[in-house]
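A.B. asks: In mature numbering (1 follows the signal peptide of the UniProt record, and there is no 0), the protein residues as written are -21 to -1, 1 to 93.
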Amino acid sequence: MGRGSISILLLISLSLSSVSSRPPSDIQLHESHTDYVVEAGRRLVVDCGETVAGQSGPVSWLKDGTPLKPNSRISFNLNKQRMKIRNVSLKDNGEYSCQVRGEKGDRYNMSLSV
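1. Note the first and the last residue of the continuous beta strand (DSSP E) segment covering Ser51.
2. The beta strand (DSSP E) with Asp71 in it runs from where to where?
3. Who are the Cβ neighbours of Pro49 in its own chain at under 7 Å, not counting the five residues just before and after it?
4. Please determine, among Tyr75, Leu69, Val25 and Ser51, the residue with the shortest C-alpha to C-alpha distance to Met62.
5. Which residues mark the beginning and the end of the beta strand (DSSP E) in which Lys63 is found?
6. What does a CB cutoff of less than 8 Å around Arg52 pick up in its chain, not counting 5 residues either side in sequence?
7. Who are Cys27's beta bridge partners in DSSP?
8. What is the DSSP secondary structure of Val38, reduced to helix, strand or coil?
9. Checking the sheet assignment: what are the DSSP bridge partners for Val67?
10. Taking 6 Å as the limit between beta carbons, can you name the residues of its chain near Lys42, skipping five residues before and five after?
Have a look at this one:
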């Protein structure tokens, strides 16, 4: 069998007027929904575990088509099935995708507004 890919697509947009003084809490995203709205200053947790379940290939996250690397605000769990973005802000605007290379050629998309 040939190698295919599965991906989750997140479209993030943000307004600074939505920043609040309350402490940030996790916003959990799962692929069972397709549209999301998240406030600035919150912590975002995106899980593509269901999409990559059963896939043996490596998982990668991209923003606007460019591979994402961990930094002071963006982190991944060990197998990269979950991404966390702390203190979501305007610089997080963009299109995010979670991809796995495996034998299946399925693809999954969803969009997110922050």
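For glycine and all other residues, C-beta sits at the position ideal for the given N, C-alpha and C.
C.D. replies: Quick answer:
1. Unbroken run through Ser51: none, as it is neither H nor E.
2. Premise fails: Asp71 is in no beta strand (DSSP E) and is neither H nor E.
3. Phe55
4. Val25
5. Arg61 to Ile64
6. Ile64, Arg65 and Asn66
7. According to DSSP, Cys27 bridges with nothing at all.
8. strand
9. Answer by DSSP bridge pairing: none, since Val67 is not bridged.
10. Gly73 and Tyr75
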